[in-house]
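So the structure is just underneath, and the comments pick up after that.
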Amino acid sequence: MKPVKNILLVISFVLLASCQTSQKEDNPMQNNRNLTAKEILSKPEFLAISYGGYRKKTRKEQPTIQQLKEDLKILHAMNIRILRTYNVRLPHAANILKAIDELKKANPEFEMYMMLGAWIDCKNAWTEMPLNHNEGSEHNAIEIDRAVELANQYPDIVKIIAVGNEAMVKWASAYFVQPHIILKWVKHLQDLKQEGKIDKDLWITSSDNFASWGGGENEYHTPELEELIKAVDYLSIHTYPMHDTHYNPVFWGVLPKEKKLSNTKQLDKVMTRSLSYAISQYDSVVNYLETLEVKKPVHIGETGWATVSAGFYGENGSKASDEYKQALYYNKMREWASKNKIKCFYFEAFDEPWKDEHNPKGSENFFGLFTVDGEAKYVIWDELDKGTFEGFKRGKNKMTKTYNGSLEDLLLDVQMPPVKNEIMLNH
Numbered sequence: 199m200k201p202v203k204n205i206l207l208v209i210s211f212v213l214l215a216s217c218q219t220s221q222k223e224d225n226p227m228q229n230n231r232n233l234t235a236k237e238i239l240s241k242p243e244f245l246a247i248s249y250g251g252y253r254k255k256t257r258k259e260q261p262t263i264q265q266l267k268e269d270l271k272i273l274h275a276m277n278i279r280i281l282r283t284y285n286v287r288l289p290h291a292a293n294i295l296k297a298i299d300e301l302k303k304a305n306p307e308f309e310m311y312m313m314l315g316a317w318i319d320c321k322n323a324w325t326e327m328p329l330n331h332n333e334g335s336e337h338n339a340i341e342i343d344r345a346v347e348l349a350n351q352y353p354d355i356v357k358i359i360a361v362g363n364e365a366m367v368k369w370a371s372a373y374f375v376q377p378h379i380i381l382k383w384v385k386h387l388q389d390l391k392q393e394g395k396i397d398k399d400l401w402i403t404s405s406d407n408f409a410s411w412g413g414g415e416n417e418y419h420t421p422e423l424e425e426l427i428k429a430v431d432y433l434s435i436h437t438y439p440m441h442d443t444h445y446n447p448v449f450w451g452v453l454p455k456e457k458k459l460s461n462t463k464q465l466d467k468v469m470t471r472s473l474s475y476a477i478s479q480y481d482s483v484v485n486y487l488e489t490l491e492v493k494k495p496v497h498i499g500e501t502g503w504a505t506v507s508a509g510f511y512g513e514n515g516s517k518a519s520d521e522y523k524q525a526l527y528y529n530k531m532r533e534w535a536s537k538n539k540i541k542c543f544y545f546e547a548f549d550e551p552w553k554d555e556h557n558p559k560g561s562e563n564f565f566g567l568f569t570v571d572g573e574a575k576y577v578i579w580d581e582l583d584k585g586t587f588e589g590f591k592r593g594k595n596k597m598t599k600t601y602n603g604s605l606e607d608l609l610l611d612v613q614m615p616p617v618k619n620e621i622m623l624n625h
């Protein structure tokens, strides 16, 4: 009888293992622990977002670990699984990593990864001394070393290091560098991977304007840029149609033939053209890679839409900034990116009042999906309706809707874009 019992025991173990495997396959989130950058960026269900937890008008007041945890729980409830940060010279990024680590230890179901930014400047940036865009700041080495330190301390969280943020685009006149500066540090990090000093699956990129990646003017098409493109693991590009409603409004406006439509239908068409404009900038980079015969993934490192502007994008400007247009752009961009398996680090999670501290209504302060007080903007009202944020707070404030949830009141603040000549919009 013993052989029969042994056979039955083996069969039982096989069936049990098969059942457990089947359960894991039925619940894909069970398999999503400690993924590689390649795996994370290829998962449409993993939403990505740019995150700064600053709640005051200065970064001197760093958010506490508890405040960061509040935000992380809110974002996690929205299926955000990848955060993007911008520098490591301040405590902020390290504290986010510490907060994520503590949340993971407290709850095995909590999952969050990070694209860790290392800020890069030219020599004498942010000083009164003459700028040298061909030479890097002495602070860059410290920034890279600290990013490496954090990546090694939290290898289960840090999956990408981005060398610089809009560091090569020439309109960043206060600090931009030539591509060879970024290339130097990208190659340094790739060498560390080869030497086993950082995780071999850690992806290295630079996060920059689409033009800086070759999608714009020919002045960016240099041998150094070509070498950089070949050195990174993927390209992280930025596209901001909202800014170009002022700077290059070829796509912005209502067609005369659309005037007979309702305002909401007019706006839908306007924002569809805004998405198409962003896609054209994405495609311009992909097309440039094809001319170089380079095949690399291209993802969106930043795009967003502000909800308030006292300047170029508000009532006396292009009339682009409000919560209704933000919602249209967000939903259209998310849908397109997911459909095409492009990871979009949407900018951004929460409003940050430090970004334009001297202009309280400056657009840079209002790109968040949430206000600084934790009110959900129109784009995510439905999340409150579903109970996604039940029991969550930001500070002392419960999660509520802007405009007290009144769409009628919200629409009163929506400005219609100008009526434009059809020839101009199709140019």
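Take the sequence shown: its letters are residues 199 to 625, numbered as in our numbering. All C-beta atoms in this analysis are idealised placements derived from N, C-alpha and C, irrespective of residue type, glycine included.
Margin query: With DSSP as the reference, identify every bridge partner of ILE402, one or two as the case may be.
Written below: Numbered from its first residue, the sequence shown carries residue 402 at position 204. In the DSSP output, where bridge partners are listed per residue, ILE402 has ILE359.
Next item on the list: Tell me whether LEU329 sits in a helix, a strand or coil according to DSSP, three-state version.
Entry: Here residue 329 refers to the residue found at position 131 of the sequence shown. DSSP, read as helix, strand or coil, puts LEU329 in coil.
Check: Quick one, which of TYR432, GLN613 and ILE238 has its alpha-carbon nearest VAL452's?
Finding: What you label residue 452 is simply residue 254 of the sequence shown in a count that begins at 1. For the residues TYR432, GLN613 and ILE238, the minimum Cα distance to VAL452 belongs to GLN613.
Note to self: I need the boundaries of the alpha helix (DSSP H) containing ILE380, first residue and last residue.
What the structure shows: Start at 1 with the first residue of the sequence shown, and residue 380 comes out as number 182. From DSSP, the alpha helix (DSSP H) with ILE380 extends over 377 to 392.
Notebook entry, point to check: Are ALA323 and SER335 close, meaning C-beta to C-beta below 7 angstroms?
Noted result: Within the sequence shown, numbered from 1, the residue matching residue 323 stands at position 125. Within the sequence shown, numbered from 1, the residue matching residue 335 stands at position 137. Yes, these two residues count as a Cβ contact at 7 angstroms.
Next item on the list: Would you kindly report the start and end of the unbroken alpha helix (DSSP H) that includes TYR522?
Entry: The residue you call residue 522 lines up with position 324 of the sequence shown. Counted as a single uninterrupted DSSP element, the alpha helix (DSSP H) harbouring TYR522 occupies residues 521 to 537.
Note to self: So for HIS419, helix, strand or coil by DSSP?
What the structure shows: Here residue 419 refers to the residue found at position 221 of the sequence shown. Three-state DSSP puts HIS419 in coil, outside helix and strand.
Item checked: Chain-order list of residues whose beta-carbon lies under 6 angstroms from that of TYR475 (same chain, five-residue window excluded) -> In the sequence shown, counting from the first residue as 1, residue 475 sits at position 277. Taken in chain order, the residues that qualify are PRO439 and PHE449.
Margin query: Does LYS321 come out as helix, strand or coil in the three-state DSSP assignment?
Written below: Here the question's residue 321 lines up with position 123 in the sequence shown. Reduced to three states, the DSSP call for LYS321 is strand.
Next item on the list: Identify every residue that forms a DSSP beta bridge with PRO617.
Entry: The residue labelled residue 617 in the question sits at position 419 within the sequence shown. In the sequence under discussion, the amino acid at residue 617 is Val, which differs from the Pro named in the question. The partner list for VAL617 (beta bridge, DSSP) reads VAL452.
Note to self: Whole angstroms are fine: how far does the CA of LYS584 sit from the CA of LYS357?
What the structure shows: The count along the sequence shown starts at 1 and reaches residue 357 at position 159. The count along the sequence shown starts at 1 and reaches residue 584 at position 386. Going by the C-alpha atoms only, they are around 31 angstroms apart.
Note to self: My parser needs the alpha helix (DSSP H) runs of 4 or more residues fully inside the stretch 427 to 491; what are they?
What the structure shows: Entirely contained in the stretch 427 to 491, the alpha helix (DSSP H) runs reaching 4 residues are, in chain order, 439 to 445 and 461 to 490.
Check: Between which two residues does the alpha helix (DSSP H) containing ASN347 stretch?
Finding: Locating residue 347 in the sequence shown gives position 149, where the first residue counts as 1. In the sequence as presented, Asn is not what sits at residue 347; that position holds Glu. Run containing GLU347: 337 to 351, per the alpha helix (DSSP H) assignment.
Notebook entry, point to check: In or out: SER405 buried (at least 16 other Cβ within 10 Å) or exposed?
Noted result: Mapped onto the sequence shown, residue 405 falls at position 207. Here SER405 is buried, its C-beta having at least 16 other C-beta atoms within 10 Å.
Margin query: Let's test the definition: count the other Cβ atoms within 10 Å of the Cβ of ASN351 and tell me whether it reaches 16, buried, or not, exposed.
Written below: On the sequence shown, position 153 is the one that residue 351 refers to. It is Gln, not Asn, that sits at residue 351 in the sequence shown. By the 10 Å Cβ count, GLN351 comes out exposed.
Note to self: Let me make sure I understand the geometry here. Which of ILE294, HIS337 and ALA504 has the alpha-carbon closest to that of THR262?
What the structure shows: The residue given as residue 262 occupies position 64 in the sequence shown. Ranking the options by Cα distance to THR262, first place goes to ILE294.
Note to self: Could you pull the DSSP bridge partners for LYS591 from this structure?
What the structure shows: For the purposes of this step, residue 591 is identified with residue 393 of the sequence shown, where counting begins at 1. Beta-bridge pairing links LYS591 to LYS596.
Check: From ASN538 to ASN514, what distance separates their C-alpha atoms?
Finding: Counting from 1 along the sequence shown, the entry for residue 538 is found at position 340. Counting from 1 along the sequence shown, the entry for residue 514 is found at position 316. Our two residues, ASN538 and ASN514, have alpha carbons roughly 36 angstroms apart in a direct line.
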